[in-house]
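What follows is a set of notes on a single structure, which appears directly below.
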Ligand code: PBG
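In this note's numbering, the protein residues as written are 4 to 324.
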């Protein structure tokens, strides 16, 4: 005799729906969007585009209409605009600032408008900060640039700035910098645990990255779980309003650890490679695309994410309604 039969709770669709533990809500999804002077499809991310200013406004309107939680903007400058300091990152007329203004003009406060606060798209060498003579990214000099960038993004209308460069102390200095210019209303989504991941590959095409080499002296070693928690605790102590774990799907242990201790909302970023692998397999007919998309995002929510950044956000919101 088998006394306990969990299968009783899996008998019908209605029963399974009744006992389901998590469900993905459109309002917890954030769409990452690339803004550039000229739009173009990103070949390594089928279905994802770099949008021009008009395009990005339309995307934001659609995101608001389907009830998404927010959008996260990345700026893609022209190659000749890049310099060794990444100065377009904080220029008033920089592409990201123009994109933020266009989006706020289109959606106002109907959507939470977030900005990536990092220099890699804007530097000629492709690193997330300024290089010392020996080629190492200079932590403290980079911090000053992040503060300028966060203020420029706030001025352009960002509700949330999102330091993703993994410099030590970045949350603390950005908070002080924003408060110093009277922008205590702008929130900080801190990339607490960001790993040096091969799954960012397609993103680098998306932002026409100039990077040679790698980011292993500032992004985390994929082998380290405890360190993810340490980074999260530091960001909380520095005043982060929300935390992010990135990538998402291969770092569910880190995400669960962070969610267990965080007293602020926890986001997870399903990155470009996670997107492109499913799209590529689905295009070959090797995987059921819709089911894989839904399963991958559900798993991230199950592990503890309150917020999920995913390139499928708009499409998923359509199914979930
Ligand atoms: C850095 C940044 C990266 C991503 C988001 N912000 C790239 C990197 O660290 O190399 C990757 C996102 C993705 O792969 O979808 N500004």
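Beta carbons: idealized from backbone N, C-alpha and C, even for Gly.
7 Å Cβ shell around residue i - same chain, five flanking residues per side excluded
| i | result |
| --- | --- |
| residue 63 | 74, 106, 109, 110, 114 |
| residue 207 | 214 |
| residue 153 | 120, 164, 177, 180, 181 |
| residue 210 | 37, 77, 79, 124 |
| residue 351 | For residue 351 there is no data in the structure shown, the boundaries of the chain being 4 and 324. |
| residue 150 | 176, 177, 180 |
Residue i beta carbon near the ligand PBG (any heavy atom closer than 7 Å)
| i | result |
| --- | --- |
| residue 33 | no |
| residue 276 | yes |
| residue 37 | no |
| residue 125 | no |
| residue 119 | yes |
| residue 203 | yes |
| residue 46 | no |
| residue 60 | no |
| residue 299 | no |
| residue 135 | no |
| residue 167 | yes |
| residue 219 | no |
| residue 88 | no |
| residue 207 | yes |
Limits of the beta strand (DSSP E) - the one that residue i falls within
| i | result |
| --- | --- |
| residue 34 | 32-39 |
| residue 326 | The chain is shown from 4 up to 324; residue 326 falls before or after that span and cannot be answered. |
| residue 163 | 163-166 |
| residue 78 | 73-79 |
| residue 192 | 190-197 |
| residue 53 | 52-54 |
| residue 270 | 269-272 |
Continuous alpha helix (DSSP H) stretch holding residue i: start and end
| i | result |
| --- | --- |
| residue 22 | 16-22 |
| residue 231 | 229-240 |
| residue 250 | Run containing residue 250: none; DSSP gives neither H nor E here. |
| residue 312 | It is not in any alpha helix (DSSP H) - residue 312 instead sits in the beta strand (DSSP E) that spans 310-312. |
| residue 344 | No answer is possible for residue 344: it lies beyond the span of the chain, which begins at 4 and ends at 324. |
| residue 103 | 98-110 |
| residue 278 | 275-286 |
| residue 152 | 142-159 |
| residue 95 | Where residue 95 is concerned, there is no enclosing alpha helix (DSSP H), given that its DSSP letter is neither H nor E. |
| residue 206 | 204-209 |
| residue 173 | 173-183 |
| residue 124 | It is not in any alpha helix (DSSP H) - residue 124 carries neither H nor E in the DSSP assignment. |
| residue 304 | 292-305 |
Contact with chain C by residue i, beta-carbon distance below 8 Å
| i | result |
| --- | --- |
| residue 73 | The structure shown contains no chain C; it is built from a single protein chain. |
Own chain residues within Cβ distance below 8 Å of residue i, not counting five before or after
| i | result |
| --- | --- |
| residue 116 | 63, 73, 74, 76, 103, 106, 107, 110, 160, 161, 162, 163 |
| residue 139 | 220 |
| residue 34 | 62, 66, 71, 73, 74, 75, 312, 313, 314, 316, 317 |
| residue 347 | Limits of the chain in this structure are 4 at one end and 324 at the other, which puts residue 347 out of reach. |
| residue 47 | 204, 205, 208, 209, 275, 279 |
| residue 27 | 297, 300, 301, 304, 311, 319, 323 |
| residue 30 | 70, 71, 72 |
Nonlocal neighbours in the same chain, by C-beta distance under 6 Å from residue i, ignoring five residues either side
| i | result |
| --- | --- |
| residue 1 | With the chain represented from 4 up to 324, any question about residue 1 goes unanswered, as that position is not in the structure. |
| residue 51 | 45, 314 |
| residue 169 | 197, 221, 222 |
| residue 86 | 127 |
| residue 219 | 199 |
| residue 155 | 93, 100 |
| residue 141 | 133, 135 |
| residue 255 | 306 |
| residue 49 | 282 |
### Cβ pair count under 8 Å reaching 3, the stretch 177-184 against the stretch 90-102
no
### Query
On the three-pair Cβ rule with 8 Å, is the stretch 159-168 touching the stretch 188-205?
yes
### Query
Does the stretch 259-276 come within contact of the stretch 304-315, defined as at least 3 CB pairs closer than 8 Å?
yes
### Query
Any chance the stretch 225-241 sits against the stretch 277-294, with 3 or more Cβ pairs inside 8 Å?
no
### Query
Using 8 Å as the Cβ pair cut-off and three pairs as the minimum, do the stretch 130-150 and the stretch 239-256 touch?
no
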